[in-house]
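The sequence shown begins at 4 in the numbering used here and counts up by one.
Glycine included, every Cβ here is placed at the ideal spot set by N, Cα and C.
The structure displayed is predicted, hence computed values, not measured ones.
Below: one structure, written as structure tokens.
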Amino acid sequence: MIITFFFLLAAPAIAADVGFEEVRIANGTQPPLTAGIWYPTNAMATPHSLGDSTQTVAQGGPVEGRGLPLIVMSHGGGGWYDGHYDTALALAHAGFVVAAVSHVGDTFNDQSRVLQLWRRPAQLRQLVDYMLDEWPSHARLNAGRVGAFGFSNGGFTVLVAAGGIPDLSKIGPYCEAHPDHDLCEALKHAGVDPRSGTEIPAGAWIHDPRIKAVVIAAPAFGFTFGRAGLSRVRAPIQLWRAADDRHQPHPYYEEAVRADLPRAPEYHVIANAGHYDFLPPCSARLSRKMPDVCNSQPGFDRAMFHEQFNAEVVRFLQAKLR
Numbered sequence: 004m005i006i007t008f009f010f011l012l013a014a015p016a017i018a019a020d021v022g023f024e025e026v027r028i029a030n031g032t033q034p035p036l037t038a039g040i041w042y043p044t045n046a047m048a049t050p051h052s053l054g055d056s057t058q059t060v061a062q063g064g065p066v067e068g069r070g071l072p073l074i075v076m077s078h079g080g081g082g083w084y085d086g087h088y089d090t091a092l093a094l095a096h097a098g099f100v101v102a103a104v105s106h107v108g109d110t111f112n113d114q115s116r117v118l119q120l121w122r123r124p125a126q127l128r129q130l131v132d133y134m135l136d137e138w139p140s141h142a143r144l145n146a147g148r149v150g151a152f153g154f155s156n157g158g159f160t161v162l163v164a165a166g167g168i169p170d171l172s173k174i175g176p177y178c179e180a181h182p183d184h185d186l187c188e189a190l191k192h193a194g195v196d197p198r199s200g201t202e203i204p205a206g207a208w209i210h211d212p213r214i215k216a217v218v219i220a221a222p223a224f225g226f227t228f229g230r231a232g233l234s235r236v237r238a239p240i241q242l243w244r245a246a247d248d249r250h251q252p253h254p255y256y257e258e259a260v261r262a263d264l265p266r267a268p269e270y271h272v273i274a275n276a277g278h279y280d281f282l283p284p285c286s287a288r289l290s291r292k293m294p295d296v297c298n299s300q301p302g303f304d305r306a307m308f309h310e311q312f313n314a315e316v317v318r319f320l321q322a323k324l325r
């Protein structure tokens, strides 16, 4: 079903503004993980630069509230932790603490391990561990109210975190059958053999049963799971597809996930939307720098869509993380 409109739902705010901080998280023998954290605060928020964007936050302000739910975020391939800052702001205004990690080896400045996909769920679990055990304000969190949000490669990541087990050996045959598809062309352009991710370390797929609800937008590698690979996913899922996604052609990604989940997700298909419309509206500077990411189809209002999208994400997570 194509969904072209939403009812905007006002979420009750528990604090006047949103606080923000950037942290470094120990990552074993690897370089530390970098994460952004948004949270409710009563400190005064002011505009601050974040990459190519500007967000209105109270940098380092005190956390307001107790028993707060936690949402962890996983960005798309070649992104970084700020990739869904507007959704993070909406969730923090609604009383959530949001932590987003930059995935080492799959960021805008480091694509060295793009097909070592098992590294991503492990990093996401490290983020949950840090937030619940080491974050200076961890006592204000409710460890029983943890959710996850992921886009593209991040959607794949949170599916694994929720119990999914992919079969990466499917990528090679997929690219042999669909060499013109974006994933396969991107791997070829990067000089990456589609079969190079098939040698997976034992116990590589790290799950996190603390995650009780999941929002997934345009999940990458959806075709690698299958019914058996998704049989252990029990958390409620809100699943989003862009109807005009030319990077992840239908039905190999979102539809493959929707059809094979053991429980039907809340499924949204957005008419006239492209893959990157799940990213926030771009600044003028970023639009000049990355037009392929920033330009939507004629007639599609990305800013209006994000107001609706964020409201629906907040509504779903409030309902599932009571």
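In the displayed model, residue 216 falls within a strand according to three-state DSSP. Taking every protein chain shown into account, the CB of residue 85 has 16 or more other CB atoms within 10 angstroms, so this residue is buried.
Rounded to the nearest angstrom, the gap between the Cα atoms of residue 196 and residue 190 is 7 Å.
In chain order, 21, 41, 42, 43 and 101 place their CB closer than 7 Å to the CB of residue 95, counting only its own chain and leaving out the 5 sequence neighbours on each side. About 4 Å separates the beta carbon of residue 245 from that of residue 276, a gap short enough to meet the 8 Å contact definition. Between residue 256 and residue 226, the CB-CB gap stays under 8 Å. Going by C-alpha positions, residue 299 is about 11 Å away from residue 282. For residue 325, the secondary structure class from DSSP, reduced to helix, strand or coil, is coil. For residue 204, the number of other beta carbons within 10 angstroms of its own is below 16, and it is reported as exposed. Secondary structure note for residue 60: its beta strand (DSSP E) is the uninterrupted segment 56-62. DSSP places residue 130 in the uninterrupted alpha helix (DSSP H) bounded by 122-132.
Excluding sequence positions up to five before and after residue 323, its CB lies within less than 6 Å of the CB of 216 and 239, all in the same chain and listed in chain order. The criterion of a C-beta distance shorter than 8 Å is not satisfied by residue 235 and residue 131. The Cβ atoms of residue 115 and residue 221 do not sit closer than 8 Å to each other.
A distance below 7 Å between beta-carbons, with the five flanking residues on each side excluded, links residue 48 to the following residues of its chain, in chain order: 20, 21, 59, 60 and 61. Rounded to the nearest angstrom, the gap between the Cα atoms of residue 88 and residue 53 is 9 Å.
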